[in-house]
Each structure stands twice: as structure tokens, then as C-alpha cells.
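Step one of this worksheet: look at the structure below.
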Amino acid sequence: MERSRALNVSRTRRRGFTLIEVLLVLLILGLLATVGIMAFSGVREGAKVDSTKLLLAEIETALDTFNMHMSRYPTAEEGLAALRTKPAFSDDAEGQNWRGPYLKREAKDVWGQALNYELVEAGSTEASLGLKYKLWSNGPDRQSGTDDDIKNWSEEKPGT
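Here the sequence shown is numbered in the working numbering, starting from 1 and rising by one per residue.
And the structure:
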């Protein structure tokens with residue numbers, strides 16, 4: 001009788017988990033969650049970059065359409081706002097060619113920053129490569145001129 005009672009006690013104790021086993025499982029789950037979150041945040045950041053590249057392509061199309069109608073790109077003073085609202089023209093005849101708005105929304109990237117636009121000067125290196133304008137986002141760090149900027153041009157020389 002005592003022997004069967006001893007077996008029942010040892011069986012009862014074996015049915016539950018020890019504190020160390022529970023803590024070990026929680027630690028493993030925590031590590032898996034951390035790895036999953038880190039992987040997801042990388043995918044999310046990549047999606048933001050891709051979304052900004054699509055926005056740049058959309059604005060390039062709007063700029064090229066503006067150029068078709070106006071026979072020029074917006075000036076530095078007009079900027080990208082000339083794609084949404086009709087700029088003030090010194091010549092009424094030129095103003096009649098504006099058929100916008102060419103963009104439905106404000107030119108801001110997914111980080112809430114205004115996009116940068118710069119006309120390329122005739123005779124410059126960029127102009128000799130066929131670049132008419134530079135269009136870029138400051139990227140995730142919101143600082144212009146850093147490695148994470150998202151641009152519509154490449155600074156590498158063709159063929160290298």
C-alpha cells in the first residue's frame with residue numbers, strides 16, 4: 001500500500017512543469033518574438049523605400065507632362081508646387097498652356113518630408129548625361145546628402 005502511494009506521489013509530481021522549464025519556454029518565446037519583430041521591421045522599412053521610389057516615378061511623370069504642356073520644367077522658385085497649383089505667369093499666353101493639376105497630392109515621402117527638386121543646369125555633367133532635373137527624398141534619416149537618400153538619378157558613371 002505504501003509502495004502504491006509512493007508511485008502516485010511521484011506520478012503527481014511528474015505531471016506539472018518545473019519553474020525552470022516554464023522560464024526556459026518563456027525565454028525561447030521571447031527570443032523568437034524579438035527575431036520576428038526585427039525581421040518584420042526590416043521588411044517594413046524596405047516597403048517604405050519602395051513606396052517612395054514609386055512616388056518619385058509618379059512625380060517624374062507629372063514633371064514630364066508639365067514639360068510637354070509648358071515646353072519647360074518648373075523653375076526652382078515654382079518648385080513641385082507648380083504641379084498642383086497654377087503658378088503666376090508673367091505671360092498670359094504661357095499660363096494658358098498649364099493644364100494641371102498634374103499631381104493630386106502634396107509631394108511628401110512616407111516619412112512626412114517634402115521631396116527635393118532641382119533643375120539641372122545646361123552644360124553641367126548631369127545635363128551631358130541627359131538628366132533634366134534631380135528629384136530625391138531625404139530617406140529614413142530625414143537628412144539630405146546622406147547614403148540613405150532615395151534619388152531619381154545615379155551618381156555612378158555609365159559603364160562602371
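Backbone N, C-alpha and C fix where the C-beta goes; we use that ideal spot for every residue, glycine too.
What distance in whole Å lies between the Cβ atoms of residue j and residue i, which are believed to be in contact at a cut-off of 8 Å?
i, j, result
"Leu119", "Ala107", "Between Ala107 and Leu119 the Cβ distance is about 15 Å, and since that is not below 8 Å, they are no contact."
"Gln113", "Arg142", "5 Å"
"Tyr102", "Ala62", "4 Å"
"Met70", "Glu45", "Rounded, the Cβ-Cβ distance is 37 Å, inconsistent with contact."
Taking Cβ to Cβ, would you say residue i is nearer than 8 Å to residue j?
i, j, result
"Trp111", "Pro74", "no"
"Leu83", "Phe66", "yes"
"Leu129", "Asn152", "no"
"Asp147", "Ser137", "no"
"Asp109", "Thr34", "no"
For the beta strand (DSSP E) holding residue i, just list the boundary residues, first then last.
i, result
"Ser124", "Element bounds for Ser124: n/a, residue is neither H nor E."
"Glu94", "Run containing Glu94: none in the beta strand (DSSP E); it sits in the alpha helix (DSSP H), 92-96."
"Lys132", "Unbroken run through Lys132: none, as it is neither H nor E."
"Tyr102", "No beta strand (DSSP E) contains Tyr102, which DSSP labels as neither H nor E."
"Leu115", "Looking at the DSSP string, Leu115 is not in any beta strand (DSSP E), and its letter there is neither H nor E."
Have a look at the options and flag the residue whose alpha-carbon is nearest the alpha-carbon of residue i.
i, options, result
"Glu78", "Val22, Asp109, Phe89", "Phe89"
"Leu131", "Glu60, Leu80, Arg105", "Glu60"
"Ala127", "Ala57, Ser154, Val49", "Ser154"
Compare the C-beta of residue i against all C-beta atoms of chain D and say whether one is closer than 8 Å.
i, result
"Trp98", "The displayed structure is made up of one protein chain only, and chain D is not part of it."
Runs of alpha helix (DSSP H) lying entirely within the region 15-88, each at least 4 residues, in chain order: As far as the region 15-88 is concerned, its whole alpha helix (DSSP H) runs of at least 4 residues are 19-70.
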